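Residue numbers (this note's numbering): 523 to 976. See structure below.
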């Protein structure tokens, strides 16, 4: 446990002498989930101000509060110039005091899935903690660091960004012993300008790498492969198509609701089965395997962990409901993850039809029109019916028609309700339906409306 005096020292704050020795049991920024004895940090944003909840936090048992507004007498508080900056400084100090190894994970797609796989693998050998959900930004990452338990040996931290220097800030807090870049896609290209810009922003993770730390890169990505001559320490590379990688997956087969493949590298050779479908799952698993082998986890433990893997949240989940096969993949979307999901849909060749219910891909900037048109053409190759929702849905429909689909087999919609109503009328038992779109498109609501009463 930390005292308020220690908290104040780490974040360059001040605390009244009578409160300096108060011990806190944890950190919270949300009064709805605060636990007795925790330090409530009053964050302030454009549309909210945590300072108005200070009294509520104390009434719920908070041991103290951190504010950048004076609270008056009688309040056990650490006063700072900026609570958001102080949160990062507090996490940085806590990380520096902890002896655990940190695995930092970034990439354009698949970060959370890969994080879960890595944590599952490491947990077979070490006391392991992980980022909850996708808490990977300038609030979530510090809170994840501050939640690392005293006896933790391995902390698996997801790290996200959509602007330059954001990763630099996160890695200065996490100070990873292993830095994994899973892939370089086009997510957030609106803010970063190009794939080369995305690469540059992702490579910032190495700025915080601990001395003697390891970099692990996807060797099938040319932008990452070309970094091997630029860095003082050669990264460990994993891949499928590039045989020069240190760890390679071969003999890939999709069957039994999952992916079988063989792993070769770092003096090891063994078979793996992951109960999730798609080539993207092989890449995520191969990244996790590489981390596991680099951290001396035995192959049989890696095999066991991956054989029990289950995805989280609204990420790819395939199940049967009312005679339909549902591919629920509503968490987020970009061109790469859309292709991966459509590839999975395309592999489902049962008696029924394959139906793609697609929401817009966000944060693509000037690439949006071209990428949604390309999405439509790709969907025409993989699906029998293509339905699109969102401001760019017309481009998806045009792409699908020019890709060869009958114009009666595709349509665009302005609301969730409209799309769900057509799906309820058109879909028949035996059909396979994919629901996919960016987080802001809330495609899970279309799925819920479709399944109502089924």
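Using N, Cα and C, we set each Cβ at its ideal position, and we do this for glycine too. Note that the structure is predicted; figures quoted are calculated from it, not measured.
In the DSSP secondary-structure assignment, residue 793 is bridged to 784.
Take the alpha-carbon of residue 542 and the one of residue 607: they are about 21 angstroms apart.
With a 10 Å radius around the Cβ and a threshold of 16 neighbouring Cβ atoms, residue 960 comes out buried. The alpha helix (DSSP H) runs lying completely inside the region 560 to 594 and spanning 4 residues or more are 576 to 581, given in chain order.
Cα atoms of residue 690 and residue 737: separation of roughly 15 angstroms, rounded to the nearest angstrom. Residue 764 has its alpha-carbon roughly 23 angstroms from the corresponding atom of residue 728. The shortest CA-to-CA distance from residue 664 to any of 672, 697, 687 is the one to 697. Per the coordinates, the alpha-carbon of residue 829 lies some 16 angstroms from the alpha-carbon of residue 637. Separation of residue 795 and residue 872 (C-alpha to C-alpha, rounded to the nearest whole angstrom) is 23 angstroms.
Taking C-beta atoms as the reference points, residue 574 and residue 609 fail to come closer than 8 angstroms.
The distance from the Cβ of residue 880 to that of residue 712 is about 19 angstroms, inconsistent with a contact at the 8 angstroms cut-off. Around the beta carbon of residue 599, 16 or more other beta carbons sit within 10 angstroms, so the residue counts as buried. In the DSSP assignment, residue 876 forms a beta bridge with 954. Burial state of residue 972 is buried, judged by a 10 Å Cβ sphere holding 16 or more other Cβ atoms.
The alpha carbon of residue 724 has as its nearest neighbour, out of 528, 619, 628, the alpha carbon of 628.
The alpha-carbon separation between residue 647 and residue 825 amounts to approximately 13 angstroms. Nearest Cα to residue 539 within the set 559, 597, 553, 590: 597.
Here residue 618 is exposed: its Cβ has fewer than 16 other Cβ atoms, across all protein chains shown, within 10 Å. The beta carbon of residue 566 sits closer than 7 angstroms to those of 572, 573, 605, all from its chain and outside the five residues before and after it, given in chain order. Ranked by Cα distance from residue 958, the options 921, 928, 867 are led by 867. Secondary structure remark: continuous alpha helix (DSSP H) runs of at least 4 residues inside the region 613 to 664, in chain order: 633 to 644.
Exclusion of the five residues before and after residue 859 leaves 631 as the residues of its chain whose Cβ lies within less than 6 angstroms of its Cβ.
At a cut-off of 4 residues, the continuous stretches assigned as alpha helix (DSSP H) that sit fully inside the region 681 to 719 are 688 to 696, 711 to 714. Within the model, the alpha-carbon separation for residue 558 versus residue 670 is close to 18 angstroms. Three or more beta-carbon pairs separated by less than 8 angstroms link the region 844 to 861 to the region 890 to 899, which places the two stretches in contact. Linking residue 594 to residue 576 through their CA atoms gives a straight-line distance of about 12 angstroms. Here residue 754 carries a coil assignment [DSSP, helix/strand/coil].
In the three-state DSSP reduction, residue 806 falls in the helix class (H, G or I). Residue 883 sits away from residue 901, with the two beta carbons spaced by 8 angstroms or more. Following the DSSP letters along the chain, one finds residue 527 inside the alpha helix (DSSP H) bounded by residues 526 to 532.
Taking a 10 Å sphere around the C-beta of residue 915, we find 16 or more other C-beta atoms and assign the residue as buried.
DSSP, read as helix, strand or coil, puts residue 839 in strand. In the DSSP assignment, the residues bridged to residue 550 are 562.
In this structure residue 555 is exposed. Its beta-carbon is surrounded by fewer than 16 other beta-carbon atoms within 10 angstroms. Excluding sequence positions up to five before and after residue 889, its CB lies within less than 7 angstroms of the CB of 708, 711, all in the same chain and listed in chain order. The count of Cβ pairs closer than 8 angstroms, one atom from the region 810 to 818 and one from the region 917 to 932, stays below three, leaving the stretches out of contact.
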